[in-house]
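Following: one structure in structure tokens, then a few remarks.
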Amino acid sequence: MVDVILGLQWGDEGKGKIVDYFAPHYDIIARFQGGPNAGHTLYVDGKKMVLHQIPSGIFHQNTINVIGNGVVLDPVTLKRECDAVAAFGIDVKKNLFISDRTNIILPTHRALDKASELSKGEAKIGSTLKGIGPAYMDKTGRNALHVGDLLDKSFTTQYIKLRLKHQKLLDNFHFMEDISAWEEEFFEALEFLKTLKVINCEYFVNNKIAEGKKVLAEGAQGSMLDIDFGTFPFVTSSNTISAGVCTGLGVSPKQINEVLGVTKAYCTRVGSGPFPTELHDATGEELRKIGNEFGATTGRPRRCGWIDLVALKYACMINGVTQVIMTKADVLDSFEELKVCTAYNINGIETKEVPYQLPRVHAEPLLQSFKGWHSDTTKVKESAALPDTMHTYINFINQYIGAPVKYVSNGPGREQIVHI
Numbered sequence: 058m059v060d061v062i063l064g065l066q067w068g069d070e071g072k073g074k075i076v077d078y079f080a081p082h083y084d085i086i087a088r089f090q091g092g093p094n095a096g097h098t099l100y101v102d103g104k105k106m107v108l109h110q111i112p113s114g115i116f117h118q119n120t121i122n123v124i125g126n127g128v129v130l131d132p133v134t135l136k137r138e139c140d141a142v143a144a145f146g147i148d149v150k151k152n153l154f155i156s157d158r159t160n161i162i163l164p165t166h167r168a169l170d171k172a173s174e175l176s177k178g179e180a181k182i183g184s185t186l187k188g189i190g191p192a193y194m195d196k197t198g199r200n201a202l203h204v205g206d207l208l209d210k211s212f213t214t215q216y217i218k219l220r221l222k223h224q225k226l227l228d229n230f231h232f233m234e235d236i237s238a239w240e241e242e243f244f245e246a247l248e249f250l251k252t253l254k255v256i257n258c259e260y261f262v263n264n265k266i267a268e269g270k271k272v273l274a275e276g277a278q279g280s281m282l283d284i285d286f287g288t289f290p291f292v293t294s295s296n297t298i299s300a301g302v303c304t305g306l307g308v309s310p311k312q313i314n315e316v317l318g319v320t321k322a323y324c325t326r327v328g329s330g331p332f333p334t335e336l337h338d339a340t341g342e343e344l345r346k347i348g349n350e351f352g353a354t355t356g357r358p359r360r361c362g363w364i365d366l367v368a369l370k371y372a373c374m375i376n377g378v379t380q381v382i383m384t385k386a387d388v389l390d391s392f393e394e395l396k397v398c399t400a401y402n403i404n405g406i407e408t409k410e411v412p413y414q415l416p417r418v419h420a421e422p423l424l425q426s427f428k429g430w431h432s433d434t435t436k437v438k439e440s441a442a443l444p445d446t447m448h449t450y451i452n453f454i455n456q457y458i459g460a461p462v463k464y465v466s467n468g469p470g471r472e473q474i475v476h477i
């Protein structure tokens, strides 16, 4: 069977640590969507490591790590990341496998991303400018180059043909930036990519399942950034929800078992787009400061606010979440009062549903207050030792979203997680 770990908010929920925590219980960790716009932060031997393309199980020597066909792959980022992982003494070439159907991000994809975003002016969506959107557009437009194409004699011809198509689009944007240095780096990275294990992912994963191996599918970004069900158009370019596992790895729905959803104890968002519970005051700034809320990929300050249970319940519903992991609960340790959003007021009408086109309406959050625990929880190891006020907070969330919070992360360290 395949278990899934994914984000239930707008990304940045701390999925990297959670995957790393559960990885020893699985034989295979597989990324099923997204690209280098994702940043999964791990702490290995006390050292910070941010993974953008490689699955978060890479630091477990006996775990197979798979990059699935649903991912868009930047060879330059991958090579740089492999070098960084190797510095920890990990043999990347031993247990990193890449689907031959994985789409490749070209230098011109990055240029198109930048040109498109600049052209939008005030209407920009907050792209990471990594070429993700244009790469997925080429996938759906049937123009993409795949990892499996690298061994084809006609690869260079295919590349030039696609590059020329991109150049015409760039000319329309009047984009004049010289990307020759990007290309040089790109082709060097392709040579490295050829040395890695390229597989037929769908057969590989299904054969492992048939052998009784346990697979953990790792999502990138968050459910509210899903291309179909997120806050469109301020979303990513892939299906971030559990359904994306099937198309991103080549497994059938009947293989999906547990769906573990990750949420912060509060809420954050990077970039543009609606955020009903956002705090523009000292409380929001305090959340950002204590939680060190800056993007793992971009370094941009994250927008901060109270937890949004309307959006969280919606995410649990569309993902079929069976267990919830709450991260960064310790960030709330110093707050006297906590608030949660239990409904929206839209044009005088109260609703507990996420509306179509949330960006087009003003959703005023209706908030319920809770007493904070106002104590240091970072050293707590067992559920019984957590403050009663924290249990009250968690129990209310359990009942509202209809999925149980089974784990609470109370710090960045691997060992800082409490089983409820």
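Going by the working numbering, the sequence shown wraps up at 477, each residue one higher than the last.
Glycine included, C-beta positions come from ideal geometry on N, C-alpha and C.
Rounded to whole angstroms, how far is the Cβ of residue i from the Cβ of residue j, which I believe are closer than 8 Å?
i                 : j                 : result
isoleucine 86     : glycine 68        : Not a contact, Cβ separation roughly 19 Å.
cysteine 324      : glycine 362       : 5 Å
glycine 92        : valine 128        : 6 Å
arginine 359      : phenylalanine 351 : 6 Å
threonine 297     : alanine 274       : Threonine 297 to alanine 274, Cβ: 12 Å. No contact.
glutamine 380     : lysine 463        : 4 Å
glutamate 242     : valine 101        : Not a contact, Cβ separation roughly 26 Å.
serine 391        : isoleucine 347    : 7 Å
serine 440        : isoleucine 477    : 5 Å
phenylalanine 478 : isoleucine 182    : Only positions 58 to 477 of the chain appear in the structure, and residue 478 is not among them; the question remains open.
Apart from the five residues on each side of it in sequence, which residues of its chain come closer than 8 Å, Cβ to Cβ, to residue i?
i             : result
glycine 484   : Because the chain in this structure spans residues 58 to 477, residue 484 falls outside the shown range and cannot be described.
lysine 136    : Glu245, Ala246, Phe249, Leu250
serine 426    : Glu394, Leu395, Lys396
serine 173    : Ser184, Gly190, Pro191, Phe230
aspartate 209 : Gln215
alanine 143   : Val149
With a 10 Å radius around its C-beta and 16 neighbouring C-beta atoms as the bar for buried, classify residue i as buried or exposed.
i             : result
leucine 130   : buried
serine 184    : buried
glutamine 66  : buried
lysine 4      : Nothing about residue 4 can be read from this structure; the chain reaches only from 58 to 477.
lysine 171    : buried
alanine 168   : buried
glycine 73    : buried
proline 164   : buried
arginine 417  : exposed
glutamine 414 : exposed
leucine 221   : exposed
serine 280    : buried
leucine 227   : buried
lysine 218    : exposed
glycine 330   : buried
alanine 95    : buried
alanine 80    : buried
Can you give me the Cβ contacts of residue i inside the same chain, cut-off strictly under 7 Å, excluding the 5 residues immediately before and after it?
i             : result
serine 435    : Per the sequence shown, residue 435 should be read as threonine rather than serine. Around threonine 435: Asp387, Asn467, Gly468, Gln473.
serine 294    : Ile189, Gly190, Tyr193, Ile284
lysine 270    : Asp84, Ile85
leucine 253   : Lys150, Leu153, Ile155
glutamine 312 : Met58, Val59, Ile266
lysine 225    : none
glutamine 90  : Gly127, Val128, Gly276, Ala277, Ser295, Asn296, Thr297, Gly301, Gly305
leucine 389   : Ala322, Tyr323, Leu395, Gly429
glycine 470   : Tyr100
tyrosine 450  : Leu395, Phe427
arginine 345  : Pro358, Arg359, Cys361
Does the ligand NAP have even one heavy atom less than 7 Å from the beta-carbon of residue i?
i            : result
glutamine 66 : Ligands displayed in this structure: none; no statement on the ligand NAP is therefore possible.
Using C-beta distances below 6 Å, list every residue in its chain close to residue i, excluding the 5 sequence neighbours before and after it, in chain order.
i              : result
valine 378     : Val316, Gly318, Ala460
arginine 357   : Val327
methionine 447 : Trp430
arginine 158   : Asn126, His203
proline 422    : Pro333, Thr334, Cys398
isoleucine 162 : Val129, Asp131, Gly188, Ala192
glutamate 240  : Pro164
alanine 400    : Glu407, Lys409, Leu423
Exercise for the section: Mind the definition here: the stretch 302-315 touches the stretch 338-358 only if three or more C-beta pairs lie below 8 Å; say whether that holds. Expected result: no
Problem - 3 or more residues per run - each beta strand (DSSP E) lying fully within the stretch 292-378 - result: 313-321, 324-326, 360-362
Problem - Minimum length 3: unbroken beta strand (DSSP E) runs contained in the stretch 267-292 - result: 272-275
Problem - Contact the stretch 197-216 vs the stretch 103-118: 3+ CB pairs below 8 Å - result: no
Exercise for the section: Mind listing, in chain order, the continuous alpha helix (DSSP H) runs of no fewer than 4 residues lying wholly within the stretch 66-92? Expected result: 72-79
Exercise for the section: Jot down the residue ranges of each uninterrupted alpha helix (DSSP H) in the stretch 382-423, minimum 4 residues, whole runs only, in chain order. Expected result: none
Exercise for the section: Determine contact between the stretch 366-376 and the stretch 392-409, defined as no fewer than three beta-carbon pairs at a distance below 8 Å. Expected result: yes
Handout entry: Entirely enclosed alpha helix (DSSP H) segments - the stretch 160-208, minimum 4 residues
Key = 164-177, 189-197
Practice task
Check whether the stretch 225-235 touches the stretch 118-127, counting contact only when three or more Cβ pairs, one atom from each stretch, lie closer than 8 Å.
Solution key: no
Problem - Every unbroken beta strand (DSSP E) inside the stretch 82-147 [3 residues or more] - result: 85-88, 97-101, 104-108, 121-124
Exercise for the section: Tell me the start and end of each unbroken alpha helix (DSSP H) in the stretch 211-238 that is at least 4 residues and wholly inside, in chain order. Expected result: 212-229
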